[in-house]
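Novice: Next up is a structure, given as structure tokens.
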Amino acid sequence: MGEGGEDINDVFDAITFSEEALIEVGFKEGFQKGSIEGRREGFLLGLQKGGETGQELGFYQGFAEEWIRELQERKEKKNEKTLVQLEKLVYLINQVPDHNTKEVDLAEQLRQVRGRFKTVCSMLRVGSEVTGTDISW
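All you need for the numbering used here is the position in the sequence shown, starting with 1, plus 57.
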């Protein structure tokens, strides 16, 4: 028997259970703090990537609309195929949702937009390489 008439096994059990209780409390606190930090980090990353994607799509849209205006002013028969491709590019850009949804494969849509942009650039005989974060020539 321990001090005060306690059984030594009860004392060891209390020590063991207190350690387990502390581990559980530590896990819960760490999980909660990690969840909060993870959400914050995820939000900031999403905000950054969303801004970059919006900038890229805005560039493509402005590019396409300006070339459509330019080629329509020229009124040359040889520009008809290019105009069709430019209009398809604008259509694809407008199909990209402005909010996150599970029904739409955003990566696939961006792949299609980028591919159409490269096709149009080839038809216009202009470079399609976009370098860095600053999207301009």
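Even for Gly, the Cβ is constructed at its ideal location relative to N, Cα and C.
Just to confirm, is the Cβ distance from I125 to L101 under 8 Å?
Specialist: As a position in the sequence shown, residue 125 is number 68, starting the count at 1. As a position in the sequence shown, residue 101 is number 44, starting the count at 1. Contact: no.
Novice: Apart from the five residues on each side of it in sequence, which residues of its chain come closer than 7 Å, Cβ to Cβ, to R171?
Specialist: Mapped onto the sequence shown, residue 171 falls at position 114. So no residue of the chain qualifies.
Novice: Are there 16 or more other CB atoms within 10 angstroms of the CB of R173, so buried, or fewer, so exposed?
Specialist: Residue 173 sits at position 116 when you count from the first residue of the sequence shown. By the 10 Å Cβ count, R173 comes out buried.
Novice: Hey, could you find the ends of the alpha helix (DSSP H) D70 is sitting in?
Specialist: In the sequence shown, counting from the first residue as 1, residue 70 sits at position 13. Segment 65-131, the alpha helix (DSSP H) holding D70.
Novice: Go ahead and label V177 buried or exposed: buried means 16 or more other beta carbons lie within 10 angstroms of its beta carbon, across all protein chains shown.
Specialist: By one-based count along the sequence shown, residue 177 stands at place 120. Result: buried.
Novice: If T110 and L167 are in contact, beta carbons under 8 Å, what's the gap, nearest whole angstrom?
Specialist: The sequence position of residue 110 within the sequence shown is 53, counting from 1. The sequence position of residue 167 within the sequence shown is 110, counting from 1. Going by Cβ atoms, the distance from T110 to L167 rounds to 7 Å, so yes, they are a contact pair.
Novice: Which whole-angstrom value describes the C-beta separation of K138 and M180, a residue pair presumed to lie in contact below a C-beta threshold of 8 Å?
Specialist: Walking along the sequence shown from the start, residue 138 turns up at place 81. Walking along the sequence shown from the start, residue 180 turns up at place 123. K138 to M180, Cβ: 7 Å. Contact.
Novice: Using only CA atoms, which one of V183, G91, E144, A78 lies nearest to E122?
Specialist: Mapped onto the sequence shown, residue 122 falls at position 65. Ranking V183, G91, E144, A78 by Cα distance to E122 puts E144 first.
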